[in-house]
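Residue numbers (the UniProt record's numbering), protein chains in the order written: chain A, 1 to 335; chain B, 1 to 581. All C-beta atoms, glycine included, are put in the ideal place defined by N, C-alpha and C. No experiment lies behind these values; they were computed from the predicted model shown. Some notes on the structure that comes next.
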């Protein structure tokens, strides 16, 4: 187990090196490049040359890359052109928001997807089964931004059940020690702040969780269909065990193996920034900030965020791999 | 026994009248819903099982024997249902009781020992816990003291170090140990009736015997009635009081074991008897059926040792293995453990004369498959040498190795997994021809059709996919594919072990005929001594990587010189049947 973790962490090094080269080349290949973006309308060749010299862009590429790498190793991802604050700080400020959103989306996807898939498989061919198939088909085909708009229009604008945008009501005065707004409210005892933050998460969470929900439901249905016909399930029934035990210990646990893989991949995708959902709901996580940075040609942010997201993605997958061993004893030995 | 050997024993239908009748099945029919309407899997079956009695249901796969047993347990697949008739267990009609009552009966009154120990244990739950669960849910033990009882049960079925073993997972158990655990599970509620569905057919023959003895001893002690499902007549003859023969959903014959087997009435039973692999050498019989008279005057056997002993010409040796060994290194567990060496094959020598059949026999783990893989040039020997037609195997350049592959072809054990499910039969047979640049499309078509003809596959079957074929048909495809490039040596690794006896006999006949027609040389790797007797000229017995005995089939079978060979021979089910004949 320990060996697996160390191995996988070491593999991160070549991965990040490769990615940093790609990003370095990508930024320099863009038309105009960062200097033009910085100067905008004030662009003159002289001003550009001055900034290039200032930023070391007139040096040979390998030297530039070496310096860039040296900075990265020291945890220096550069400074945002928009805000003037370090990229890492911007990331860490917004990441809690994205984690909160991801958690809500996951709870929605798993909480509904697994029971739905289970019931669909156990009552194969029933109305529940057919509707589950239809729901999951719709789930994966409806574009996220469209669903987000519809949800916002229906439940926020028309019905007014939920707030339309943001992470918290702007008039709410609350302290934020951790930047996890719901958690902050609970920690400081500001219950109304926690509730308000939670309400702000519902609609974006549903919008973001729909695709994972559909995928989890389909995966669960397929896995349960297979496991419920397995020989060991029949043998377990033959020894007279209770239905609840059959469901929880034999069918669900075995069926969860492929589902956990799927969930792991989804978590990685969700954490890497729900650009569309965050934009529609003006939710200030890493996704919406990244989108803003693209429009503002904020190259340091783009470069830094992509690298940091890659690290997060790789770590989440590592956690998923380790968790297999907890479910499946056969993998424990191999690991 | 009051039953007549006829089908549908007529007895009073007022439920289980006599006190000692545990199970009475009356005119039972079971249907499966399919896309093409209802398919009847069991038709008007009647049988009776008394306390302490063992009743064997014998038949090939698809005969409905397992369906009948599952109907008794109320564990039919979801598209199956009892269409007609009654299943009386003591004084309850199992077709009419509620699902809740049925669940109560299972485990407590009705036990199951399933067929395949590899798939019948939950892979991610500790063995002990799987037995605990039954004890707890049946109210036999509390959560606290279930494990003590589980260890007793595992101990009872002869599992060594039961306490430690109970907390292991199925993948840490051998097949035999798993089957012991499943027997412990099946008997944990001390049921009145135990359904044993092919309880040992997935195991090695020596392991089989030990487990069956244990099962017999236990059920006798406990007075448990046993419904034994098997395709093996020998096993039925040896273990059962009453034998019920099923064929295509019908009970075609039933009666006392000896009577059914010595004086079979129904045509199918006679066929089953004829096809049963027996200790008598049947190779000549096979040839006679095919009208190959030259076999009878000894020309086929002339390549064997007998001919040499008679002073005939030196046999033409096709394959010669000299002192071959194969050592694998196994990576140890944990961070600091070192790798260990494991000697799979230890200094084995053998010669395979051209045109003969040599069989290598042994249990799993004896190194017989590794030996075959070395001869196929899939594994390289660690030391020693293998020559084929005078040339060292694996020594030449890439081109030589490809040429070698053309001359030596394998047929593997499992016809279900060794064919690509997405290739049609035609494509599967054509594949080696394409790979070795055999002619153009038309030439390949002619060749594929010729091959299909040789293995008795129809043209229509060429367009089918493996999933649409039976096990025997698939094995025919595998043989046709192996023969495509006109090899000289065919290595059959347990090539008929997965097949029913009737199909097995057909495939062995086919192989014997092809050998005669094409002058093939066979290396047969098997754990089944009965198969060896049917097909081989010479036999090598392997144990733990070494050859412990070698000789002609007759000499090894008639006067085995090592205790191990004797144990293997004794373990063949059906010696009683043999004597009775």
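Counted within 10 angstroms of its Cβ, other Cβ atoms place residue 572 of chain B as buried (16 or more) or exposed: So residue 572 of chain B counts as buried.
Between the CA atoms of residue 190 of chain A and residue 89 of chain A - distance to the nearest angstrom: Going by the C-alpha atoms only, they are around 26 Å apart.
Interface positions of the stretch 80-105 of chain B facing chain A (Cβ-Cβ less than 9 Å), listed along the chain: For the stretch 80-105 of chain B, the set of residues with a beta-carbon nearer than 9 Å to any beta-carbon of chain A comprises 103, 104, 105, in chain order.
Test item: CB-CB of residue 264 of chain A and residue 101 of chain A under 8 Å: Result no, Cβ atoms of residue 264 of chain A and residue 101 of chain A do not sit closer than 8 Å.
Per-residue DSSP class, three states only, for residue 595 of chain B: This structure leaves residue 595 of chain B out entirely; chain B is present only between 1 and 581.
CB contact check: residue 8 of chain A to chain B, cutoff 8 Å: No, because no Cβ of chain B sits closer than 8 Å to the Cβ of residue 8 of chain A.
For residue 144 of chain B and residue 166 of chain B, believed in contact at Cβ under 8 Å, the rounded distance: 15 Å between Cβ atoms; not a contact.
Buried versus exposed call for residue 146 of chain A [16 or more other C-beta atoms within 10 Å across all chains shown]: Under this definition residue 146 of chain A is an exposed residue.
As assigned by DSSP and simplified to three states, the class of residue 163 of chain A: When secondary structure is reduced to three states using DSSP, residue 163 of chain A falls in the coil class, being assigned neither helix nor strand.
Below-8 Å beta-carbon distance, residue 62 of chain B vs any chain A residue: No, residue 62 of chain B lies away from the interface with chain A (no Cβ there is under 8 Å from its Cβ).
Complete runs of the alpha helix (DSSP H) confined to the stretch 145-200 of chain B [at least 4 residues]: Counting only runs of 4 or more, we get 146-156, 162-165, 175-187.
Test: residue 132 of chain B CB closer than 8 Å to a CB of chain A: Chain A, which has no Cβ nearer than 8 Å to the Cβ of residue 132 of chain B, makes this no.
Chain-ordered neighbours of residue 229 of chain B on chain A, where CB pairs are closer than 8 Å: Those do not exist, as residue 229 of chain B stays about 13 Å from chain A at its closest Cβ, beyond 8 Å.
Short CB-CB distance (under 8 Å) between residue 235 of chain A and chain B: When Cβ-Cβ separations below 8 Å define contact, residue 235 of chain A makes contact with chain B.
Three-state secondary structure assigned by DSSP to residue 126 of chain B: Residue 126 of chain B falls in the coil class under three-state DSSP.
Contact with chain B by residue 35 of chain A, beta-carbon distance below 8 Å: No, residue 35 of chain A lies away from the interface with chain B (no Cβ there is under 8 Å from its Cβ).
Cutoff 7 Å; reference residue 328 of chain B; Cβ partners in own chain excluding five residues on either side: The beta carbon of residue 328 of chain B sits closer than 7 Å to the beta carbons of 342, 344 from its chain, once the five residues preceding and following it are set aside; these are given in chain order.
Bridge-paired residues (DSSP) for residue 543 of chain B: The partner list for residue 543 of chain B (beta bridge, DSSP) reads B:546.
Beta-carbon gap between residue 544 of chain B and residue 525 of chain B smaller than 8 Å: No, the pair does not count as a contact, with Cβ atoms beyond the cut-off.
Residue ranges of each beta strand (DSSP E) within the stretch 234-276 of chain B, 3 or longer: Positions of the beta strand (DSSP E) runs, each at least 3 residues long and wholly inside the stretch 234-276 of chain B, are given as 242-247, 250-256 in order along the chain.
The alpha helix (DSSP H) enclosing residue 100 of chain A, as first and last residue numbers: The continuous alpha helix (DSSP H) containing residue 100 of chain A extends over residues 87-122.
Start-to-end residues for the alpha helix (DSSP H) that takes in residue 268 of chain A: Its alpha helix (DSSP H) spans residues 253-271.
Residue-level contact to chain A via CB, residue 342 of chain B, 8 Å cutoff: For residue 342 of chain B, the answer is no, since every Cβ of chain A falls outside 8 Å of its Cβ.
Within chain B, partners of residue 327 of chain A - CB distance below 8 Å: Contact note: residue 327 of chain A reaches chain B through 124, using a C-beta cutoff of 8 Å and chain order.
Residues near residue 114 of chain B in its chain [Cβ-Cβ closer than 7 Å; skip 5 each side]: For residue 114 of chain B, same chain residues with a beta-carbon under 7 Å away, outside a window of 5 residues either side, are 120, 182, 197 in chain order.
Between the CA atoms of residue 521 of chain B and residue 515 of chain B - distance to the nearest angstrom: Their backbone Cα atoms lie some 7 Å apart in a straight line.
Residues within the stretch 146-170 of chain B neighbouring chain A, beta-carbon criterion of under 7 Å: Within the stretch 146-170 of chain B, the residues whose Cβ lies closer than 7 Å to some Cβ of chain A are 169, listed in chain order.
The stretch 243-273 of chain A: positions lying closer than 7 Å to chain E by Cβ: This model lacks chain E altogether; the protein chains it does include are A and B.
Limits of the unbroken alpha helix (DSSP H) element including residue 26 of chain B: Annotation for residue 26 of chain B: no alpha helix (DSSP H) segment contains it, though the beta strand (DSSP E) segment containing it runs 21-34.
Cβ-based burial, residue 77 of chain A [other Cβ within 10 Å; buried from 16]: The residue is buried, with at least 16 neighbouring Cβ atoms inside 10 Å.
Inter-residue spacing [alpha-carbon to alpha-carbon] between residue 68 of chain A and residue 289 of chain A: Roughly 23 Å between the two C-alpha positions.
Where residue 188 of chain B meets chain A, residues with beta-carbon distance less than 8 Å: In chain order: 239.
Beta-carbon spacing of residue 98 of chain A, residue 271 of chain A below 8 Å: At the C-beta level, residue 98 of chain A and residue 271 of chain A come within 8 Å of one another.
Sub-8 Å separation of residue 451 of chain B and residue 425 of chain B beta-carbons: Taking a C-beta distance under 8 Å as the contact criterion, residue 451 of chain B and residue 425 of chain B do not qualify as a contact pair.
Exposure label - residue 566 of chain B; buried when at least 16 CB within 10 Å: That one is exposed.
Cα-Cα separation between residue 163 of chain A and residue 185 of chain B, rounded to whole angstroms: Each residue's Cα considered, the two are about 58 Å apart.
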